[in-house]
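Order-wise, the sequence lines are chains E and B.
Numbering follows UniProt numbering, with no gaps: position 87 of the first sequence is 87.
Numbering follows UniProt numbering, with no gaps: position 287 of the second sequence is 287.
Every residue, glycine too, gets a C-beta built ideally from N, C-alpha and C.
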Amino acid sequence: MEQNDENYLGITGNTPSSGQPQAEGGEQRRWFRRFRKGITTSTAEKKETPEGLWNKCPECNYITTTTELEENLYVCPRCNYHHRIGSDEYFAILFDNNTYTELFGNIKSKDFLGFTDLKPYRQRLDEIYAKSDLKDSMRVAVGNVNGKEIVIACMDFEFIGGSLGSVMGEKFSRAVDYCIEHRLPFLVISKSGGARMMESAFSLMQLAKTSGKLSQLSDAKLPFISLLTDPTFGGITASFGMLGDLNIAEPGALIGFAGPRVIKETIKKDLPEGFQRSEFLLEHGFLDFIVDRKQLKDKISLLIELFEK
Amino acid sequence: MPQYPNRQFLDFEQPIKELYEQIDQTKKLAAKNPKINYEQTLQQLEHSILEKRHEITGQLTPWQRVQLSRHPDRPYTLKYVEKMSTSFIELHGDRNVRDDKAMVGGFAELDGQTVMFIGQQKGANTKLRQLRNFGMANPEGYRKALRLMKLAEKFNKPIITLIDTPGAFPGAEAEERGQGEAIARNIYEMIRLKVPVICVIIGEGASGGALGIGVGDRVLMMENTWYTVISPENCSSILWRSWEKKEVAAEQLKLTSKDMQGFGLVDEIVPEPEGGAHWNYDEAAQLLKEAIIRNLNEVKDIPAETRIEQRIEKFGKMGFWEE
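Right under this line is the structure:
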């Protein structure tokens, strides 16, 4: 294993900088001795492992090839850990033959307030636009799930932590209008740290804006399913995330209002194991059920069918 | 209302404290020298205090405005209710878990009509602050607020919410009982209430904790208050990874009443007495009462369905983007 080699040569941080191997028993037991110090391979000869070929499960350290993981819907074959994925992956998993029409794809964030923290907001946006095709933290698409037409809005955590800003609020609103106009059910897949601070009070008001639209969807008697995935916090749980006709979640997802670190600081105690996980929320009555990613597509189409019949 | 020397002074209020001390000394001199008339000096000093109060609030930084909104002598929800209305009957409990002391509410008579007052309540001293949990409500507080709103709706009474919170309580039990769901439910239900709803930020308006009782036909802000998505301290800790940038965060967040009105996110700024509401509770309550009644009268005759549509539209317009 590549990693063990590194360890042996004393490259990684947890071994002494002398580069001496850490075999048990000290000097006498060493099998190899390194005579020349430092890394002697020239940069030109360095063998890079192509990125993204292998994937390690953050939960059980099981290593899979990316293809294998993709075939398994980004769920660890050993421990069932649900890897964090984005809208591209969810759309591919849910829509028949990965066929769908993206809606409102041209709405982009704007730095209306001239907000600057460690970096200007404008620069943060430009940096993401430069390295990704994403326009914001939510994408909306319409297509068929096992032959049932549905509108799906899905967050991308990669885009400023999936944060809720004006663009997400507006796309959500238009998605609801689209559902009402075409009499379609609405599925929202949440994965977000909460409201986008760089949009200040405007981001807060998106909670009211989206809730208002949901009330119109409700009056139209169209189902709204809220799927919560790892992680979903803050402004999302304090608005549409918890307002589904059905609230469902992937296994083991962290879901809450305040983040675990903040809670720990407040109560000055360690949090119990499984705190704020999907199973915890189900136990406390805030979820209808937990759904494995492999069953997600069939469950969604079954639900639509049940609502229809 | 505390009077000098029981008043508390913030850093930038020190010049006022000095004037009070001068008054004290002058009074002592007057007692020693009964033959000399100190009336004029005293009057001048009193006048200087008023001028100083005016001067100070005229040039506050956003962070100082935040500090003023948390002034230990500032009036809280129940004080305004007492000063603005008569026949207040406090109602308790969410009918599920317990009575949340950080959220208060009840029927009262305002300008000849029955209204439902709801608001976060802070405590005036250490013991009361703990009892009121520093104005940070738990889910049962939001559910109590919703119960009272539904009660008001049933009997066709307007709702007035007074917002003053550093945020919804971030505790472990709050999570177990669904803090997010409680706030979400309130926002959702408030936007469809059939009765008029007037919301006023009277102190701190922090995030979902504020918006959980903050969706109305009119949203007003008192002059020296703030309202945004996160407190400047927490914003500093998250975005700057340090607690030291709260002043900069307060500037960047554009959280003052002037900013918020400029953005069209609140409808009106309610003026405060010179120097802030803590200088004169009666005057502050009078100014607030006038604004509430005027706004209520403007929306109360609109048919309920239209009012709801307008409310959804009002919040639906908020945001900025390019396409």
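In its chain, beyond the 5 residues on either side, LEU164 and GLY169 have a beta carbon closer than 6 Å to the beta carbon of E/GLN206. Near chain B, meaning a CB-to-CB distance below 7 Å, the residues of the segment 225 to 239 of chain E are GLY235, THR237, ALA238 and SER239.
Annotation: Cβ neighbours of E/THR116 in chain B (cutoff 8 Å, chain order): GLN252. Here B/CYS199 carries a strand assignment [DSSP, helix/strand/coil].
Within the same chain, Cβ atoms closer than 6 Å to the Cβ of E/GLY235 are found at LEU164, GLY194, ALA195 and LEU207, the five residues on either side in sequence being excluded.
SER207, GLY208, LEU211, VAL215, TYR227 and THR228: these are the residues of the segment 194 to 228 of chain B whose beta carbon lies less than 7 Å from some beta carbon of chain E, given in chain order. Here E/VAL75 carries a strand assignment [DSSP, helix/strand/coil]. Using a CB distance cut-off of 8 Å, E/HIS284 counts as an interface residue toward chain B. The beta-carbon of E/VAL176 is placed no less than 8 Å from the nearest beta-carbon of chain B.
C-alpha of B/GLU204 to C-alpha of B/TYR227: approximately 7 Å in a straight line. Looking at the backbone, the Cα of B/ILE269 and that of B/GLU46 are separated by about 28 Å. Chain order gives no chain B residues near E/ILE248, where near means a beta carbon separation below 9 Å; the closest approach is about 14 Å.
Note that the segment 134 to 149 of chain B touches the segment 175 to 191 of chain B; at least 3 beta-carbon pairs, one per stretch, sit closer than 8 Å. Taking 8 Å as the cut-off, the Cβ atoms of B/LYS157 and B/THR114 count as close.
Taking 8 Å as the CB threshold, E/VAL75 stays off the interface with chain B. For the segment 253 to 271 of chain E, residues whose beta-carbon sits nearer than 7 Å to a beta-carbon of chain B comprise GLY256, PHE257, ALA258, VAL262, ILE263, THR266, ILE267 and LEU271.
Close to B/ILE191, with beta-carbon spacing below 8 Å, are these residues of chain E in chain order: ALA208, SER211, GLY212 and SER215. Between the segment 255 to 271 of chain E and the segment 227 to 243 of chain E, the count of Cβ pairs shorter than 8 Å is three or higher; the stretches touch. Per DSSP, B/MET221 is one residue of the beta strand (DSSP E) stretching across 218 to 222. Cβ-Cβ distances below 7 Å link B/ARG132 to LYS101, ALA102, GLN121, LYS122 and GLY123 in the same chain, with the five nearest sequence neighbours on each side left out; the list follows chain order. Using a CB distance cut-off of 8 Å, E/MET205 counts as an interface residue toward chain B.
With respect to E/PRO185, E/ILE304 sits close: the two C-beta atoms are nearer than 8 Å. Of the residues B/ASN295, B/GLU298, B/ASN297 and B/PRO273, the one whose Cα lies closest to the Cα of B/GLN286 is B/PRO273.
When 9 Å is used as the limit between beta carbons, E/LYS131 is near no residue of chain B, the shortest such separation being about 19 Å. Interface residue (Cβ-Cβ distance to chain B less than 8 Å): E/ALA220 is not classified as such. Of the candidates E/GLU265, E/ALA153 and E/MET138, E/MET138 places its Cα closest to the Cα of E/GLY162. Between B/GLU323 and chain E, the shortest Cβ-Cβ separation is below 8 Å. Scanning chain B for C-beta atoms nearer than 8 Å to the C-beta of E/SER173 yields GLY316, reported in chain order. For chain E, none of the residues of the segment 285 to 308 of chain B brings a beta carbon within less than 7 Å of one of its beta carbons. For B/PRO75, the three-state secondary structure derived from DSSP is coil. Per DSSP, the unbroken beta strand (DSSP E) holding B/GLU90 starts and ends at 86 to 90.
The beta carbon of B/PRO62 sits no closer than 8 Å to any beta carbon of chain E. Of the residues E/GLU71, E/VAL75 and E/GLU70, the one whose Cα lies closest to the Cα of E/GLU59 is E/VAL75. Any Cβ of chain E closer than 8 Å to the Cβ of B/TRP240 would place that residue at the interface, and such an atom is present. Going by beta carbons, E/VAL176 and E/GLN216 fall inside the 8 Å limit.
E/VAL291 sits in coil when the DSSP states are folded into three classes, being neither helix nor strand.
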